[in-house]
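The structure under discussion appears below in the form of structure tokens.
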Amino acid sequence: VASGLRLPVVMAVATRALSAPINIHGDHSDAMGSRDAGWIQLYAEDAQEVYDTLLQAVRIAEHPQILLPVMVCFDGFTTSHTIERLVILEDAEARAFVGEYQPAHPLLDLKRPVTYGPLVLPDYYTEIKRQQREAMDHAPGVIQEVGKAFGERFGRFYGLLEAFHLQDAEVALLLMGSAAGTVKGVVEGLRQEGIKAGVLRLRAFRPIPAREVAAALAPLKAVAVLDRADSVGSPGGPLFTDLRAALGELPVRPRMVDYVYGLGGRDLLPEDVRRVYSRLVRLAAGEGEDEAVCQYLTVREAPRPLAPVGGA
186 VASGLRLPVV MAVATRALSA PINIHGDHSD AMGSRDAGWI QLYAEDAQEV YDTLLQAVRI
246 AEHPQILLPV MVCFDGFTTS HTIERLVILE DAEARAFVGE YQPAHPLLDL KRPVTYGPLV
306 LPDYYTEIKR QQREAMDHAP GVIQEVGKAF GERFGRFYGL LEAFHLQDAE VALLLMGSAA
366 GTVKGVVEGL RQEGIKAGVL RLRAFRPIPA REVAAALAPL KAVAVLDRAD SVGSPGGPLF
426 TDLRAALGEL PVRPRMVDYV YGLGGRDLLP EDVRRVYSRL VRLAAGEGED EAVCQYLTVR
486 EAPRPLAPVG GA
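Take 186 as the starting number for the sequence shown in this note's numbering and just add one per residue.
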């Protein structure tokens, strides 16, 4: 309803697992279940990014070319219920950045009466939905514009995605949310071992930055998507299916696999991440083609020895 009425609502979402069975811990299932509701979805890695993104989300939502609701998503419990260092702006600074909203058609303007939320029949419904898509198509540029303005004022810059050691990488993981910190730590270790590993973290999931992702991943040999939600009955998790479509137009594409991880708040450990990179190295070398494209990563199973990432 909020999206269809073009209401610039901003909602902080501590993403949680969906019942049943009942679980109050974090994954991305609830937000992924609303991915086609017409809301912009931005995903933060830590508390500072949550705070900064919420301020930016107000300007994004209220931009005259957008006028769509925005979810600022962050991992339930992992980010929402833990203590981190946080730089908080003075009220005057935050207010000056956000600005004062000036609605184009105020509901209480007696000189220009309007109707909000009327019944719309087939003769106009399609046009309204088309306008929502056009607004979402404008969102990538506005997200980057607002992120740049925030960075110039406060020194913390944000865009649609964050690349880490991707310049010369041959294999990479792509994910959203707090697990990126664990993955970055593993990549630092792999780099010291001579493995050309990288990370690409998406901040924007709706709209999906398809062109930017394709450009970033095109030079790689193998990519693994980490989905913190499953889409039962589809070829993979929600992030994987969108990103595989994004790479579909590339003449030469990296091998892409999907791992569903961290459901119901289960931890992603460094050894889990190393196992994924180990498979990517094999794929980059033309091996391991017989394994399933989509697998569960942090699932209880018989213990297996952890092979060196280099395959030795």
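Heads up, the beta-carbon is just placed ideally off N, CA and C, and yes, glycines get one too.
Inset, instruction - Please name the residue in F390, L351 and A199 whose C-alpha comes closest to that of F262. - result: Counting from one through the sequence shown, the residue named residue 262 turns up at place 77. Nearest option by C-alpha distance: A199.
Inset, instruction - Using the Cα positions of S419 and T426, report the straight-line distance between them to the nearest angstrom. - result: One-based indexing of the sequence shown puts residue 419 at position 234. One-based indexing of the sequence shown puts residue 426 at position 241. Between S419 and T426, the C-alpha separation is close to 8 Å.
Inset, instruction - Determine, using beta carbons only, whether A409 and L358 come nearer to each other than 8 Å. - result: Looking up residue 409 in the sequence shown gives position 224. Looking up residue 358 in the sequence shown gives position 173. Contact flag set, yes.
Inset, instruction - Check M361 in the structure and name its three-state DSSP category. - result: One-based indexing of the sequence shown puts residue 361 at position 176. M361: coil per DSSP, three-state reduction.
Inset, instruction - Under 7 Å Cβ to Cβ from D353, same chain only, skipping five residues before and after it: list those, please. - result: Taking the sequence shown and counting its residues from 1, the one referred to as residue 353 is at position 168. For D353, where only same-chain residues beyond five positions count, the Cβ hits under 7 Å are K381.
Inset, instruction - Using DSSP bridges, identify the partner residues of H380. - result: Along the sequence shown, one-based indexing puts residue 380 at 195. For the sequence presented, residue 380 should be read as Ile rather than His. None; I380 has no bridge partner.
Inset, instruction - Can you tell me which of R191, H210, S219 and L293 puts its alpha carbon nearest to the alpha carbon of I245? - result: Start at 1 with the first residue of the sequence shown, and residue 245 comes out as number 60. Here the closest residue by C-alpha is R191.
Legend entry - Inter-residue Cα distance where the pair is P436 and V255: Against the sequence shown, residue 436 aligns to sequence position 251. Against the sequence shown, residue 255 aligns to sequence position 70. Their backbone Cα atoms lie some 34 Å apart in a straight line.
Inset, instruction - Output yes or no for whether 8 Å exceeds the beta carbon distance between G362 and Q241. - result: Sequence index remark: in the sequence shown, residue 362 carries index 177 (1-based). Sequence index remark: in the sequence shown, residue 241 carries index 56 (1-based). Cβ distance not < 8 Å, so G362 and Q241 don't count as in contact.
Legend entry - Test item: CB-CB of S214 and A205 under 8 Å: Position 29 of the sequence shown holds residue 214. Position 20 of the sequence shown holds residue 205. Contact: no.
Inset, instruction - From the DSSP output, in three-state form, read off A395 for me. - result: Your numbering for residue 395 matches position 210 in the sequence shown. Correct three-state label for A395: helix.
Inset, instruction - Would you kindly check if the distance between the Cβ of Y462 and the Cβ of L360 is under 8 Å? - result: The residue given as residue 360 occupies position 175 in the sequence shown. The residue given as residue 462 occupies position 277 in the sequence shown. Taking 8 Å as the Cβ cut-off, L360 and Y462 do not qualify as a contacting pair.
Inset, instruction - Determine contact between the region 211-230 and the region 381-396, defined as no fewer than three beta-carbon pairs at a distance below 8 Å. - result: yes
Inset, instruction - Find out if the Cβ-Cβ distance for the pair G422, D452 is shorter than 8 Å. - result: As a working mapping, residue 422 is identified with position 237 in the sequence shown. As a working mapping, residue 452 is identified with position 267 in the sequence shown. Not in contact: G422 and D452 (Cβ atoms no closer than 8 Å).
Legend entry - Simplified DSSP state of R386, which is helix, strand or coil: Here the question's residue 386 lines up with position 201 in the sequence shown. It is a strand residue.
Inset, instruction - Label H161 either buried or exposed according to how many other C-beta atoms from any shown protein chain fall within 10 Å of its C-beta, with 16 as the threshold for buried. - result: Absent from the structure is residue 161, since the part of the chain shown begins at 186 and ends at 497.
Inset, instruction - Could you please give the first and the last residue of the uninterrupted beta strand (DSSP E) stretch that includes F259? - result: In the sequence shown, residue 259 corresponds to position 74, counting from 1. From DSSP, the beta strand (DSSP E) with F259 extends over V255 to D260.
Legend entry - R438 CB to nearest heavy atom of the ligand NAD below 7 Å: Ligands are entirely absent from the displayed structure, and the ligand NAD is therefore not among its contents.
Legend entry - Simplified DSSP assignment, three categories, for E234: The residue given as residue 234 occupies position 49 in the sequence shown. Helix, per DSSP.
Inset, instruction - Might you give, ordered along the chain, the residues of its own chain that have their beta carbon closer than 8 Å to the beta carbon of R498, omitting 5 neighbours on each side? - result: Lying outside 186 to 497, the shown extent of the chain, residue 498 is not represented and no answer is given.
Legend entry - Start and end residues, alpha helix (DSSP H) containing Q287: Within the sequence shown, residue 287 is the residue found at index 102, counting from 1. Unbroken run through Q287: none, as it is neither H nor E.
Inset, instruction - Mind checking which residues open and close the alpha helix (DSSP H) that includes F349? - result: Locating residue 349 in the sequence shown gives position 164, where the first residue counts as 1. Element bounds for F349: not the alpha helix (DSSP H) but the beta strand (DSSP E), L346 to F349.
Inset, instruction - Mark R386 as exposed unless 16 or more other C-beta atoms lie within 10 angstroms of its C-beta, in which case mark it buried. - result: Along the sequence shown, one-based indexing puts residue 386 at 201. It is buried - the Cβ of R386 has at least 16 other Cβ atoms within 10 Å.
Inset, instruction - Go through the region 197-241 residue by residue and report every complete run of the beta strand (DSSP E) that reaches 3 residues or more, in order. - result: 225-228
Legend entry - N-terminal and C-terminal residue of the alpha helix (DSSP H) that L190 is part of: Taking the first residue of the sequence shown as position 1, residue 190 is located at position 5. Counting along the chain, L190 falls outside any alpha helix (DSSP H), and DSSP gives it neither H nor E.
Legend entry - Alpha-carbon to alpha-carbon, R270 and A281: Position 96 of the sequence shown holds residue 281. Position 85 of the sequence shown holds residue 270. Cα to Cα, A281 sits roughly 24 Å from R270.
Legend entry - One or two residues paired with A158 in a DSSP bridge: The requested residue 158 does not occur in the structure, where the chain is confined to residues 186 to 497.
Inset, instruction - Give the C-beta separation of P439 and A407 to the nearest angstrom, bearing in mind that I take them to be a contact with Cβ-Cβ under 8 Å. - result: As a first step, residue 439 is located in the sequence shown; it is residue number 254 there, counting from the start. As a first step, residue 407 is located in the sequence shown; it is residue number 222 there, counting from the start. 5 Å between Cβ atoms; contact.
Inset, instruction - Can you check DSSP and say which residues form a bridge with V195? - result: For this step, residue 195 is matched to residue 10 along the sequence shown. Paired residues: V255.
Inset, instruction - Kindly identify the DSSP beta-bridge partner or partners of V445. - result: Position 260 of the sequence shown holds residue 445. Partner(s): D412 and Y481.
Inset, instruction - Would you identify the three-state DSSP class for Y575, choosing helix, strand or coil? - result: Residue numbering for the chain in the displayed model covers 186 to 497; residue 575 lies beyond these limits and cannot be assessed.
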